[in-house]
Amino acid sequence: MLSKVACIIPTHGRPGHLSRSIESVLQQSLAPAEVIVVDDLGDGPTAAIVQVTALRTEIPLRRILNRSNPGASGSRNAGAAASEAEFLAFLDDDDVWLPDHLARAMAELTRSGADAVISGLRRIKHDGTIQPIVMPPRAAIRDRLFDKNFGMTGSNLVIRRAAFERVGGFDPALPVYNDWDFLIRMISGGIEYGVVSDLTVEWREHEGERISTPSLRRAAGIENFIAKHAAAMPSLNRRDLTAIALGIRWRNAGSLMSRLVWAARLVRLLGLRETLGRRLGMTRKRVIEVSL
């Protein structure tokens, strides 16, 4: 039986990971109404995987191109706009759903009457250890929205279309922290969510570029996030995030002079003692922990 939910998978040139993600969707005990792969690169291997897979499944599976707003956020929004399903479920191209993910999420939506559900996440690290991540209830974090992203990623959210549109979708201007930004706006907008405490989503760390890679793109994304939420963000959180961005810029500096410039900015922000007391670019003990 098909559900009333569309699965949206943003992808960017990772056909091997994408194939695994799509298979996890096709193996759901509650099948989605459709699967939309949103490709912002337009490479042949990705197109081939979708075409071949679509031939062997009864679940409608299609690929659309996203040229106007490349990146995960723009692709998620494009996929949502291309579907008329009542509910939207997002899955990053390098993550997978366990077979009962959609069934559990939809059951929680019915039980709770909420407009969204955030399911438990199993983060599998490079060394094989597993970090369970379960979202706290809304009441526990509504006054702590800038402490960290408490557990919502691009792969464990199922949301009613009307609520998604009310939030305004994901922000394409944020290459990082876009899930955290969505969570902040969702809770600030009064949208209720339910929680599936079982770990029905698998996030496996892997080699290769991720948005968590400490690149200049990540530093710029953090700075955009700070600028967007500066008015509401507590000063200590803003300071911590700024230190992360400065540390990344220090590590990516191309010359000794540039490194000295970024180090000086860190000293002005944190003070000499704190700067010397920790590794540059790493967070201090109290600093924000972010899942993506």
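Numbering (numbering that gives the first Met the number 0), first residue to last: 0 to 291. Using N, Cα and C, we set each Cβ at its ideal position, and we do this for glycine too. Being a predicted model, the structure only gives us computed values, none of them experimental.
Inter-residue spacing [alpha-carbon to alpha-carbon] between residue i and residue j
i      : j      : result
Ile8   : Gln50  : 15 Å
Tyr192 : Ala162 : 10 Å
Lys124 : Phe224 : 26 Å
Val95  : Leu29  : 15 Å
Arg121 : Met256 : 42 Å
Ala79  : Lys227 : 23 Å
Cys6   : Pro136 : 24 Å
Gly12  : Phe89  : 18 Å
Ala262 : Arg75  : 37 Å
Arg267 : Trp249 : 14 Å
Lys147 : Leu54  : 42 Å
Val24  : Ile35  : 11 Å
Ile210 : Ile58  : Reliability of the predicted coordinates at Ile210 is poor, the pLDDT of 48 falling under 50, and the value obtained from them is presented with this limitation in mind. In a straight line, the C-alpha of Ile210 is about 30 Å away from that of Ile58.
Arg165 : Leu144 : 19 Å
Arg285 : Glu273 : With a pLDDT of only 38 at Arg285, under 50, the local geometry of the prediction cannot be trusted, and the value read off the model is given with reservation. If I take the Cα positions, the gap works out to 13 Å.
Asp239 : Thr56  : 48 Å
Phe181 : Asn251 : 28 Å
Glu204 : Val175 : 16 Å
Thr152 : Arg264 : 31 Å
Ile183 : Gln26  : 32 Å
Glu22  : Ala84  : 21 Å
Asp142 : Met232 : 11 Å
Val200 : Pro31  : 16 Å
Leu335 : Ala138 : Limits of the chain in this structure are 0 at one end and 291 at the other, which puts residue 335 out of reach.
Trp202 : Ser234 : 31 Å
Val37  : Arg110 : 31 Å
His16  : Thr241 : 32 Å
Thr293 : Ser214 : With the chain covering only 0 through 291, there is no way to say anything about residue 293.
Ala293 : Gly167 : A query on residue 293 cannot be resolved here, the shown segment of the chain reaching from 0 to 291 and no further.
Asp302 : Val260 : Because the chain in this structure spans residues 0 to 291, residue 302 falls outside the shown range and cannot be described.
Same chain only: Cβ atoms within 7 Å of residue i, ignoring 5 sequence neighbours per side
i      : result
Ser72  : Phe169, Asp170, Pro171, Leu173, Asn177
Val195 : Arg103, Ala104, Glu107, Val116, Ser118, Gly119
Arg237 : Ile225, Ala229
Ile140 : Phe149
Arg258 : Trp249, Ala252
Gly70  : Asp39, Pro171, Pro174
Start and end residues, alpha helix (DSSP H) containing residue i
i      : result
Ala113 : That residue, Ala113, is in no alpha helix (DSSP H); it is neither H nor E in DSSP.
Gln50  : 43-54
Val260 : 255-269
Asp239 : 234-250
Asp180 : 177-187
Glu78  : In the sequence as displayed, the identity of residue 78 is Gly instead of Glu. Gly78 -> alpha helix (DSSP H) spans 71-81.
Pro171 : Run containing Pro171: none; DSSP gives neither H nor E here.
Arg137 : 137-140
Phe224 : 215-228
Gly150 : Note, Gly150: premise wrong, no alpha helix (DSSP H); not H, not E.
Sheet register partners of residue i (DSSP bridge)
i      : result
Val200 : Trp96, Leu120
Ile35  : Ile7, Arg61
Leu159 : Strictly speaking, residue 159 in this sequence is Arg, with Leu absent from that position. DSSP lists Phe86 as partners of Arg159.
Tyr349 : With the chain covering 0 to 291 only, the question about residue 349 has no answer from this structure.
Cβ shell of residue i (< 8 Å), same chain only, five flanking positions each side left out
i      : result
Ser18  : Ile48, Thr52
Val133 : Gly119, Leu120, Gly150, Val194, Ser196, Leu198
Phe86  : Ser2, Lys3, Val4, Ala5, Met105, Leu108, Val157, Ile158, Arg159, Arg160
Leu271 : none
6 Å Cβ shell around residue i - same chain, five flanking residues per side excluded
i      : result
Glu222 : Ala244
Pro14  : Pro44, Thr45, Ile48
Leu275 : none
Gln130 : Arg122
Start-to-end residues for the beta strand (DSSP E) that takes in residue i
i      : result
Pro131 : 129-132
Original post:
Does the pairing of the region 62-69 with the region 32-48 give three or more beta-carbon distances under 8 Å?
Top reply: Taking one beta carbon from each stretch, the region 62-69 and the region 32-48 have 3 or more pairs nearer than 8 Å; the two touch.
Original post:
Any chance the region 82-101 sits against the region 181-188, with 3 or more Cβ pairs inside 8 Å?
Top reply: Segments in contact, no.
Original post:
Are the region 218-227 and the region 240-247 touching by the rule of at least three beta carbon pairs closer than 8 Å?
Top reply: Touching, yes.
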